[in-house]
Amino acid sequence: MSAMQMMALQTQLNPHFLFNSLNSLSSLIIDEPVQAVRFVDEMSSVYRYLLRTNNLALTTLQTELTFIDSYYHLLKTRYGAGIELIKTIDKSALTCQLPPLTLQLLLENAVKHNIVSANQPLVIRFSTNADGWLTVSNTLQRKVVNRANSTQKGLLNILSKYQLLGQATPKVEETADEFIVELPLIDPS
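For the sequence shown, numbering that gives the first Met the number 0 assigns the number 0 to the initial residue and increments by one for each residue that follows.
Now the structure itself:
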């Protein structure tokens, strides 16, 4: 039953991601063909990762961060100066594990629920602490219309994965200017 629940959670990828990526690519092909080629390469990396990790319960933080570099390239191409990703990760944490696509879901949620513009850049931070937790935070600049429409599927998906794995529950906090999710990293031994 737990395995089936985990598989169901892993198939809940946002279909809008593909649509948005193809729209971005369409614009690049005409205006910036060299950048379009790199975009396709990064998009291929993203989908290769999705296919490879779809049946895995865990992946290393290093592998997830490498994937996030490709995913972030797609976001950066789309939003330009409107988005910034800052990573402060202790090297000793890179072999720790977490459910695949956890960071992608948090990035996607940050973009979905917040204003992203060059005048008001969305800043997303990944950092680790000495207690073995990964913190993902973003500036809080909520889109007014999305507040009522949020299903919180992304966060519920992450919380459910950790519960099914028998791990500590991630912590979610919202302050006046920041949204913060703390994730326990899983020791591979």
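Think of the CB as a built atom: it goes at the ideal place given N, C-alpha and C, for glycine as much as any other residue.
Computed from a prediction, not measured in an experiment: that's the story for all the values here.
Relative to the C-alpha of residue i, which residue among the options is closest?
| i | options | result |
| --- | --- | --- |
| residue 79 | 27, 64 and 139 | 27 |
| residue 173 | 188, 138, 116 and 159 | 138 |
| residue 167 | 184, 152 and 176 | 184 |
| residue 202 | 157, 111, 160 and 171 | The question about residue 202 has no answer, for the chain in this structure spans 0 to 188. |
| residue 97 | 127, 120, 70 and 32 | 127 |
Just checking residue i against the ligand ADP - is the residue's beta carbon closer than 7 Å to any of the ligand's heavy atoms?
| i | result |
| --- | --- |
| residue 124 | Absence of the ligand ADP from the depicted structure is noted, as is the absence of any ligand whatsoever, leaving it without description. |
Assuming residue i contacts residue j under a Cβ cut-off of 8 Å, what Cβ separation, rounded to an integer in Å, is found between them?
| i | j | result |
| --- | --- | --- |
| residue 141 | residue 113 | 6 Å |
| residue 75 | residue 82 | 6 Å |
| residue 108 | residue 154 | 7 Å |
Once DSSP output is grouped into helix, strand and coil, what is the label at residue i?
| i | result |
| --- | --- |
| residue 101 | helix |
| residue 8 | Since pLDDT at residue 8 reaches only 48, below the 50 mark, its modelled position is unreliable, and the value read off the structure follows with that caveat. Three-state DSSP puts residue 8 in a helix. |
| residue 82 | strand |
By Cβ distance below 6 Å, which residues in the same chain neighbour residue i in space, the five residues on each side in sequence not counted?
| i | result |
| --- | --- |
| residue 102 | 63 and 67 |
| residue 170 | 181 |
| residue 177 | 136 and 139 |
Please confirm whether residue i has its beta-carbon closer than 8 Å to some beta-carbon of chain C.
| i | result |
| --- | --- |
| residue 36 | The chain inventory of the structure shown lacks chain C, comprising one protein chain alone. |
Here's a check: name, in chain order, each residue in its chain whose Cβ is nearer than 7 Å to the Cβ of residue i, leaving out the five neighbours to either side.
| i | result |
| --- | --- |
| residue 90 | none |
Problem set entry | Continuous alpha helix (DSSP H) assignments of at least 4 residues falling wholly in the stretch 33-78 | Listed in chain order, the complete alpha helix (DSSP H) runs (minimum 4 residues) inside the stretch 33-78 are 60-78.
For this session: Can you check the stretch 115-168 for any alpha helix (DSSP H) of at least 4 residues that lies completely inside it and give the ranges in chain order?
Result: 145-148 and 152-163, all fully within the stretch 115-168.
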